[in-house]
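Q:
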Amino acid sequence: DAGVIQSPRHEVTEMGQEVTLRCKPISGHDYLFWYRQTMMRGLELLIYFNNNVPIDDSGMPEDRFSAKMPNASFSTLKIQPSEPRDSAVYFCASSFGPWMGGKNIQYFGAGTRLSVL
Amino acid sequence: AQSVTQPDIHITVSEGASLELRCNYSYGATPYLFWYVQSPGQGLQLLLKYFSGDTLVQGIKGFEAEFKRSQSSFNLRKPSVHWSDAAEYFCAVGADNDMRFGAGTRLTVKP
């Protein structure tokens, strides 16, 4: 398997624009996670899905952020409108099996580096 | 909720020297513990994990970590560092349907 695939690898946009980040999880994995990594806050879990259903979105910072998983092989994280403070690296990860207790291994994509000017 | 502290933001070691990266966690029970490595421009790769059993865990790339319940620590070690080990290392704790990462320790390897 090619692993978790994220696109684009880099995104530069202007404040106020809509940004869409994409993720393809590992085939067969039933959990998908979106993380944000910044110098100030480190790695933060934004939202995760189980079988395409959002389970916990308490980490989503604001209503400007939304995530969808229309099918088992694709997820998007959208920011509308984007702001300079959204500049960060956004990671997608997937895992197989019950998430309870964090026991199952998460496999991470290479990330999308977002710069909002 | 659980939390993770990596006290060292940046560590520099000479190639061939030994390495220890510190990780302390806060959680009421025994959590699941992980070390991930992030190379420049790359995602996070799992080095090793601890769920239960033997408190000394072996991982990939010659790394090991020891779980010490009395100290709430899960320090990562390597007896001889290679230049390719230069990266950022993250300790993580998973419990209660949540996973928390430390702030990371950046490792620089001197020739």
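Note that the protein sequences, when read in sequence, are chains A and B.
Note that the first sequence ends on residue 117 in my numbering; no numbers are left out.
Note that the second sequence ends on residue 1111 in my numbering; no numbers are left out.
C-beta atoms are modelled at their ideal positions from N, C-alpha and C, and glycine is treated no differently.
Closer than 8 Å, CB to CB, is Gln1042/B near chain A or not?
A: Numbered from its first residue, the second sequence carries residue 1042/B at position 42. Taking Cβ atoms only, chain A reaches closer than 8 Å to Gln1042/B, which makes this a yes.
Q: Against chain A, which members of the stretch 1061-1094 of chain B pass a CB distance test of less than 9 Å?
A: Phe1090, Ala1092, Val1093 and Gly1094
Q: Let me confirm a value: Pro61/A is counted as buried when at least 16 other C-beta atoms fall within 10 Å, else exposed. Which label applies?
A: Counting from 1 along the first sequence, the entry for residue 61/A is found at position 61. By the neighbour-count rule (16 or more Cβ atoms within 10 Å), Pro61/A is not buried but exposed.
Q: Quick one: which residues of the stretch 104-117 of chain A get their C-beta closer than 7 Å to a C-beta of chain B? List them in chain order.
A: Ile105, Phe108, Gly109, Ala110 and Gly111
Q: Phe91/A touches chain B at which residues, Cβ-Cβ below 8 Å?
A: Here residue 91/A refers to the residue found at position 91 when the first sequence is read from its first residue. What Phe91/A touches in chain B: Gly1043 and Leu1044.
Q: Whose C-beta lies closer than 7 Å to the C-beta of Asn52/A among residues of the same chain, with five residues either side of it excluded?
A: Looking up residue 52/A in the first sequence gives position 52. Closer than 7 Å at the Cβ level, and outside the excluded window around Asn52/A, lie Met69, Asn71 and Ala72.
Q: Distance, Cα to Cα, Ala1092/B vs Asp1008/B?
A: Translated into the one-based positions of the second sequence, residue 1092/B becomes position 92. Translated into the one-based positions of the second sequence, residue 1008/B becomes position 8. Roughly 15 Å between the two C-alpha positions.
Q: Do Val19/A and Ala93/A come within 8 Å of each other at the CB atom, strictly closer than that value?
A: The count along the first sequence starts at 1 and reaches residue 93/A at position 93. The count along the first sequence starts at 1 and reaches residue 19/A at position 19. Cβ atoms of Ala93/A and Val19/A: not closer than 8 Å.
Q: With H, G and I counted as helix, E and B as strand and the rest as coil, what does DSSP make of Ile1009/B?
A: Position 9 of the second sequence, counted from the first residue, corresponds to residue 1009/B. Note: Ile1009/B maps to coil in three-state DSSP.
Q: Could you tell me which chain B residues have their CB closer than 8 Å to the CB of Gly16/A, listed as they occur along the chain?
A: In the first sequence, counting from the first residue as 1, residue 16/A sits at position 16. None at all; the shortest Cβ gap to chain B is about 28 Å.
Q: Keeping to the same chain, check which residues put their C-beta closer than 6 Å to that of Phe1034/B; ignore five residues upstream and five downstream.
A: Along the second sequence, read from residue 1 onward, the residue named residue 1034/B stands at position 34. These residues qualify, in order along the chain: Lys1049 and Ala1092.
Q: Are the stretch 1013-1023 of chain B and the stretch 1072-1085 of chain B touching, with three or more C-beta to C-beta distances below 8 Å?
A: yes
Q: Please work out which residues of its chain come closer than 7 Å, Cβ to Cβ, to Gly101/A, disregarding the five sequence neighbours upstream and downstream, and give them in chain order.
A: Here residue 101/A refers to the residue found at position 101 of the first sequence. Note that Gly101/A scores 46 on pLDDT, short of 50, meaning its location in the model is unreliable and no value can be drawn from it.
Q: DSSP state of Ile1060/B, grouped into three classes?
A: Against the second sequence, residue 1060/B aligns to sequence position 60. Note: Ile1060/B maps to helix in three-state DSSP.
Q: Check Asp30/A in the structure and name its three-state DSSP category.
A: Locating residue 30/A in the first sequence gives position 30, counting from the first residue. Reduced to three states, the DSSP call for Asp30/A is coil.
Q: Looking at the C-beta of Gly1016/B, does it have a partner C-beta in chain A at a distance below 8 Å?
A: What you label residue 1016/B is simply residue 16 of the second sequence in a count that begins at 1. No, no contact with chain A.
Q: Please state if the CB of Gly1094/B and the CB of Thr1005/B are separated by a distance shorter than 8 Å.
A: Position 5 of the second sequence, counted from the start, is the residue given in the question as residue 1005/B. Position 94 of the second sequence, counted from the start, is the residue given in the question as residue 1094/B. No, these two residues do not count as a Cβ contact at 8 Å.
Q: Where does Asp1054/B land, buried or exposed, given buried means 16+ other C-beta within 10 angstroms?
A: In the second sequence, counting from the first residue as 1, residue 1054/B sits at position 54. With fewer than 16 other Cβ atoms within 10 Å, it is exposed.
Q: Give me, in chain order, the residues of the same chain whose beta-carbon lies closer than 6 Å to that of Ser1014/B; leave out the 5 immediate sequence neighbours on both sides.
A: Translated into the one-based positions of the second sequence, residue 1014/B becomes position 14. Cβ neighbours of Ser1014/B beyond the five flanking positions: Lys1110.
Q: Between Gly16/A and Trp34/A, what straight-line distance do the alpha-carbon atoms span, to the nearest angstrom?
A: As a first step, residue 16/A must be located in the first sequence, where it is residue number 16. As a first step, residue 34/A must be located in the first sequence, where it is residue number 34. Rounded to whole angstroms, Gly16/A to Trp34/A spans 22 Å at the Cα level.
Q: Of all the CB atoms in chain B, is at least one closer than 8 Å to the CB of Gly42/A?
A: Sequence index remark: in the first sequence, residue 42/A carries index 42 (1-based). Answer yes: the Cβ-Cβ gap between Gly42/A and chain B drops below 8 Å somewhere.
Q: Give me the Cβ distance between Pro84/A and Leu117/A, rounded to the nearest whole Å; I'm assuming they're in contact under 8 Å.
A: Here residue 84/A is taken as the residue at index 84 of the first sequence, counted from 1. Here residue 117/A is taken as the residue at index 117 of the first sequence, counted from 1. So it is a contact: roughly 7 Å between Cβ atoms.
Q: Helix, strand or coil: how does DSSP classify Arg85/A here?
A: For the purposes of this step, residue 85/A is taken as the residue at position 85 of the first sequence. Arg85/A: helix per DSSP, three-state reduction.
Q: Roughly how many angstroms separate the alpha carbons of Tyr1036/B and Thr112/A, rounded to a whole number?
A: Position 36 of the second sequence holds residue 1036/B. Position 112 of the first sequence holds residue 112/A. Near 18 Å, if we compare the C-alpha coordinates of Thr112/A and Tyr1036/B.
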